Structures are given as C-alpha cells and as structure tokens.
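Report on one structure; see the data block that follows.
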Amino acid sequence: MLTKEMVKKLNDQINAEYYSANLYMQMSAWCDDQNFQSFAKFLRDHAGEEREHMERLFDYVLDCGSLALIGQISAPTSQFKSLLELFKAAYAHEIEITKQINGLVDYALTHKDYATFNFLQWFVSEQHEEEKLFKTLVDKLELVGENKRDLFFMDKDLNRTLSESGLLTSED
Ligand SMILES: [Fe+2]
Ligand SMILES: [Fe+2]
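If you use this note's numbering, the sequence shown closes out at 153, no skipped numbers anywhere.
Written out as structure tokens, the structure is:
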C-alpha cells in the first residue's frame, strides 16, 4: 500500500524515465543525421532501456494497487553543436536522474516505506552503471577531439570501445 504522496512521486519518476527515452531517441536521430551510425544505434538501444525503466515503475505502482499515470512529457532538446556536447548533455541528464532516484530513496526511508525502498535499490545500481557509461563516452570523445576523421573511426569502433571498458551489455 502506497501513500498518495509516494504514488505521486513514483508517477513523476515514470514521467522522467519516459522523457529519458524520448531524449535518447532524439539524440539518436541527431547522430543518424550526422552519419554516426553506431552512436545512433547505441542511443536508440538506450532509449529502449529507459522505456523498460518506465515500465518497471509503472508495474510497481500497479502491483501496489495504485493508479500509474502518464503525464505530459516535454519535447527533448534536438540541437547539438557536436557529438561531445550531446554526450555531455546525456551525462548531465543521468546525474539529474540519479538525484531524483536518491530523493525517492530518501523519502521512502524517512517515511518507513521499506517495500518501495527495497524496490528502488535496483535503480540505485542502474544509475551508478549509467553514469559510468556516459562518463566513459564523454572522456573518450574528449580524447578524440573535433577531427571528423577521428570521430568517424570512433563511431566505427564504438562496440570495441564499449566492450573494452566492460560497458557492453548486449551482444550487438
Ligand atoms: Fe532510467
Ligand atoms: Fe538512464
């Protein structure tokens, strides 16, 4: 049984995860448009993961006998000056989501909602991984610099970069 306030907070997080999915879809379109095909695929796959996060919260609210609500979702940013700027924005977004998750965890604990506190632990670990993932990509892009040819090869080599850093979760 969730309190009204907790339902509201979880529904807000459903909205935030949905926004994340849309943001990464939009970023994927930007990469595709700039011919960074591997980055485009990476971001598109990541958008799918964000939708799964949304559904995880959605199902939890329903399982607790409350009404999951999808609110209005604002349009994501679509213009970026460079691939580095795009990934800096993605990394900053993940840090923001971590703050939101931490706020939820804190609320659950101080209000003795131990079931929700326990449910949220998965998100705590997930945010740790996501921050690591986007930070790694920002660092690599900073190393590569603005040279188009180098960026072209980084795009071609993206899967190897990710697997060497232990960040590739799927087979693709
Ligand atoms: Fe997420
Ligand atoms: Fe995320």
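For glycine and all other residues, C-beta sits at the position ideal for the given N, C-alpha and C.
All figures in this text were calculated on a predicted structure; none of them were measured in a lab.
Worksheet item: In whole angstroms, what is the alpha-carbon distance linking H109 and R130?
Response: 32 Å
Fill in: Simplified DSSP state of S59, which is helix, strand or coil
coil
Practice prompt. May I ask whether a heavy atom of ligand 2 can be found less than 8 Å away from the beta carbon of S146?
Written response: no
Item to complete: Closer than 8 Å by C-beta to E123: which residues in its own chain qualify, once you throw out the five before and the five after it? Chain order, please.
Response: L65
Worksheet item: Do the CB positions of Y5 and I54 come within less than 9 Å of each other?
Response: no
Discussion item. Following a CB-centred definition, is H34 positioned closer than 8 Å to any heavy atom of ligand 1?
Written reply: yes
Worksheet item: How about S47: is its Cβ closer than 8 Å to a heavy atom in ligand 2?
Response: no
Item to complete: Starting from the C-beta of L90, find all residues in its chain whose C-beta is less than 8 Å away, skip the five residues before and the five after it, and write them out in chain order.
Response: F98
Worksheet entry | Residues of its chain near V(-12), where Cβ-Cβ distance is below 6 Å and the 5 sequence neighbours each way are ignored | S47
Worksheet item: How about Q(-6) and L50: do their beta carbons lie closer than 9 Å?
Response: no
Practice prompt. Locate the alpha helix (DSSP H) running through T142, then write down its first and last residues.
Written response: 139 to 145
Discussion item. Nearer than 8 Å: is that true of the beta carbon of E110 relative to any heavy atom of ligand 3?
Written reply: Ligands displayed in this structure: ligand 1 and ligand 2; ligand 3 is not among them.
Worksheet item: Between which two residues does the alpha helix (DSSP H) containing Q(-2) stretch?
Response: Note that residue -2 is Glu in the sequence shown here, rather than Gln. That run of the alpha helix (DSSP H) goes -15 to 14.
Item to complete: Classify E77 as buried or exposed, calling it buried when 16 or more other Cβ atoms lie within 10 Å of its own Cβ.
Response: exposed
Item to complete: For L149, name the three-state secondary structure that DSSP assigns.
Response: coil
Discussion item. Does the stretch 19 to 31 come into contact with the stretch 129 to 144, if we say contact requires no fewer than three beta-carbon pairs (one atom in each stretch) closer than 8 Å?
Written reply: yes
Worksheet entry | Where Q18 sits in the DSSP three-state scheme | helix
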